[in-house]
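Structure first, commentary second.
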Amino acid sequence: MTPPHATEPSRLGHLLRDHDRRGLRFERHLRHTPQVVWTAITDSEHLRAWLPTDIVGERRSGAPVRLPFWPEVVERFEIPEPDSYVDGEIVVYDPPTTFAWNWGGDLIRFELEAVDGGTLLTLTTWLGPAPVEPWQAAAGWHSCLDHLGALLDHGDTSGVASGDPTSLEPTYQAAFGPAPDVS
15 MTPPHATEPS RLGHLLRDHD RRGLRFERHL RHTPQVVWTA ITDSEHLRAW LPTDIVGERR
75 SGAPVRLPFW PEVVERFEIP EPDSYVDGEI VVYDPPTTFA WNWGGDLIRF ELEAVDGGTL
135 LTLTTWLGPA PVEPWQAAAG WHSCLDHLGA LLDHGDTSGV ASGDPTSLEP TYQAAFGPAP
195 DVS
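Numbering (my numbering), first residue to last: 15 to 197.
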């Protein structure tokens, strides 16, 4: 079920275009300090509550990492065994302001800025060649950020396997319009 506030325009991600590249940008105003948010987005003990994968490896710029999907995510979304993890690399690790990694051709970048006693979290992702449409990726990341907010605000650790990001796909399809013809 989609929370009633989930589709408010201020919470929706935006489609980015740079020539043939497509990306997404989300902003969330969180009522927690950058250090608290940083811990939630970088420590494995918190990732399960909001991200479909763990991030296994050293936390430093340039470090190779493996991103295994949590078992409940593999089961819920029927991810086949050969696809149950993605290898990547931490691109930027600058506590507590910037955390970026790549996986499967996508670049994921979190930026944290202290604002009004809380944090402005900006998530920017440039999508790789995977067969996922931007509106599908947007629905997934939107759901992840909603779970991150629930973790921070209420200690909710139910995780992304408990939600259904597909309920947001029509909203993003309508917002982004038809895919450009690249033929």
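Glycine is no exception: its CB is placed at the ideal position from the N, C-alpha and C atoms.
Residue i in three-state terms, based on DSSP
| i | result |
| --- | --- |
| Pro192 | coil |
| Pro82 | strand |
| Thr200 | No information on residue 200 is available, as it lies outside the stretch 15 to 197 that the chain covers here. |
| Ala128 | strand |
| Glu183 | helix |
| Gly154 | helix |
| Glu41 | strand |
| Gly102 | strand |
| Trp117 | strand |
| Thr67 | strand |
| His28 | strand |
Spatial distance of residue i from residue j (CA atoms)
| i | j | result |
| --- | --- | --- |
| Leu26 | Gly102 | 27 Å |
| Pro184 | Gly177 | 16 Å |
| Leu61 | Leu44 | 17 Å |
| Thr171 | Glu59 | 10 Å |
| Gly173 | Pro143 | 27 Å |
| Ala114 | Pro148 | 19 Å |
| Ser24 | Glu41 | 8 Å |
Contact check, residue i vs residue j, beta carbons under 8 Å
| i | j | result |
| --- | --- | --- |
| Gly37 | Leu126 | no |
| Trp155 | Thr138 | no |
| Arg90 | Ala152 | no |
| Phe190 | Leu29 | yes |
| Leu65 | Trp117 | no |
Buried/exposed call for residue i, threshold 16 Cβ in 10 Å
| i | result |
| --- | --- |
| Ser157 | buried |
| Ala188 | exposed |
| Thr111 | exposed |
| Pro145 | exposed |
| Thr180 | exposed |
C-beta neighbour in chain C for residue i, strict 8 Å
| i | result |
| --- | --- |
| His33 | Given the protein chain composition of this structure (a single chain), no chain C is represented. |
Would you be able to state if there are at least three C-beta pairs under 8 Å between the stretch 93 to 111 and the stretch 71 to 83? yes
Indicate whether the contact test is met: 3 or more Cβ pairs, each with one atom in the stretch 160 to 169 and one in the stretch 49 to 58, closer than 8 Å. yes
Closer than 8 Å is the cut-off here; do at least three beta carbon pairs connect the stretch 83 to 95 with the stretch 109 to 128? With the cut-off at 8 Å, the stretch 83 to 95 and the stretch 109 to 128 do not touch.
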